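Number of protein chains: 2
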Amino acid sequence: MDAKSVDPGLCGIGEAASRAGVSERALRYYQELGLLTPCARTPGGMRRYSEADLARVARIRELQSLLGLNLDEIAVVLRSDDRMSEIKAAFHDTGTGADERSALVSESLELQEHLVQVVRAKKSALEDFLSDLEARIARIKELAGK
Amino acid sequence: MDAKSVDPGLCGIGEAASRAGVSERALRYYQELGLLTPCARTPGGMRRYSEADLARVARIRELQSLLGLNLDEIAVVLRSDDRMSEIKAAFHDTGTGADERSALVSESLELQEHLVQVVRAKKSALEDFLSDLEARIARIKELAGK
DNA sequence: TCGCACCTTGACGTCAACGTCAGACAAGGC
DNA sequence: GCCTTGTCTGACGTTGACGTCAAGGTGCGA
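Structural data, given as C-alpha cells:
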C-alpha cells in the first residue's frame, strides 16, 4: 500500500457541502437522521464523501424542494432505494430466499408507484395553476391596452 | 332591513376553517401577516368569511404546497393580485392617473410572468423526476422477472 | 515538529408556521 | 335572563430543519 491512504475521489465535509450546495451542518444532520452516511472515515474519524454520496444529497434536496417531502418521508424513499440496490447486488446470491426477495421487490415497486402517483398529481395541479396564471396574464395585457 | 343582520353566505371562523381545510389558528395567523382579512366582522367583533375569502385561503395553500413559497412570498403575490383587481375596478375612474395605473399594471405583469417562469421550471424539473422514476420502475419490474 | 486550516462532537439558538391554553366576550335558542 | 356553543385576544409552547457557538482533535505542507 504505497498509494495515498486517502482514496482519490473522496472529499471532506467542507468540499462535499459546497459541491452539494448545502451546509456542513445539513450533512451532519442528514447523517443523524440516517439519510446519508458518508462512505468512509479517515483513521482519525473525519468524514469522507464519495460522488455517490453527493448524488444522494442531490436526491434529498430534490425530494425536499420538488415534492415537498419532509426528511422522515425522504428516509422512507431512500431506504427503499437502498433495499433495491441491495437486492440487485445480491441478485444471483442464493443466500437470500427467493420469496423474501420478491416480497422486497414488490414492496419497493409499490412505494415507487405511489411516488409516481404523487408526482403525477403534483404535475397536473401545476399545469392547472400554470394555465390559470397565463389566463391572468392575458387579462392583464388586455387591460394594459393593446 | 328586515333581513337577518348576518349576511347569508358569510360564515364564522369555525366553518371557514373546516371548509378550507385549515385550522382556525392558521386563519388568524394569515390575518396577522396581512394575507387574509375576513370581509366583515359582527358588531360584537367576530370574524365573518365570504366565499371569496375561502378562495383566497385555497390560493394561499396552493402557493404553499405547489410552489413551496413561504407566507412572506405569498403576501407579495397576493398584494399584486389585489392591486390588479383594484385597478380593474377603478378602470374607468379618472381619479387614478393613467401613468400611475400603467406603472402598476406593468409591475404586476412582471411579477406574474416571473411566477410563470418559476412554475415552468418546477414543471420541467418534475417531468425529469417523473421519467427518472418511471425508468426506475421499469428496472424493478425487469428485476422482478417477467 | 510546528503551524494552521479543516474537522470532530455536543449543546444551545433560531425561524417559520402554526398548536395550545387561559380568561373573557358574543350569539342565539329556550 | 340563562345556558351552551362559538369566538375573541394575548401569550407561551412545539416541531422541523437546520445555524451557531465552544472546546478540542486531525492532516499535512513548510
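Protein chains in written order, with the working numbering: chain A, 46 to 191; chain B, 46 to 191. Note that beta-carbon positions come from the ideal geometry of N, C-alpha and C, so glycine has one too. Bear in mind that the values here come from a model prediction, so they are computed numbers and not experimental data.
Secondary structure of residue 135 of chain A, DSSP reduced to three states: coil
Residues that residue 86 of chain A bridges to, as DSSP identifies them: A:92
The region 164-171 of chain A touching the region 62-76 of chain B, judged by at least three CB pairs closer than 8 Å: no
Contact the region 142-157 of chain B vs the region 125-134 of chain B: 3+ CB pairs below 8 Å: The way I'd put it, the region 142-157 of chain B does touch the region 125-134 of chain B; three or more beta-carbon pairs between them come closer than 8 Å.
Short-range partners of chain A found in the region 152-179 of chain B, where Cβ spacing is below 8 Å: 153, 154, 157, 158, 160, 161, 164, 165, 167, 168, 170, 171, 172, 174, 175, 178 and 179
Nearest residue (CA-CA) to residue 162 of chain A, options B:187, B:72 and B:182: B:182
Nearest residue (CA-CA) to residue 53 of chain B, options B:80, B:74, B:87 and B:71: B:87
Residue from B:175, B:121 and B:107 whose Cα sits closest to the Cα of residue 80 of chain B: B:121
Straight-line gap, residue 70 of chain A to residue 76 of chain A (C-alpha atoms, nearest Å): Their backbone Cα atoms lie some 10 Å apart in a straight line.
Residue 164 of chain A, enclosing alpha helix (DSSP H) - first and last residue: 143-188
Cut-off 6 Å between Cβ atoms - residues of its own chain near residue 129 of chain B, not counting five sequence neighbours on either side: The beta carbon of residue 129 of chain B is closer than 6 Å to those of 153 in its chain, skipping five residues each way along the sequence.
Exposure of residue 92 of chain A, with buried meaning 16 or more beta-carbon neighbours within 10 Å: buried
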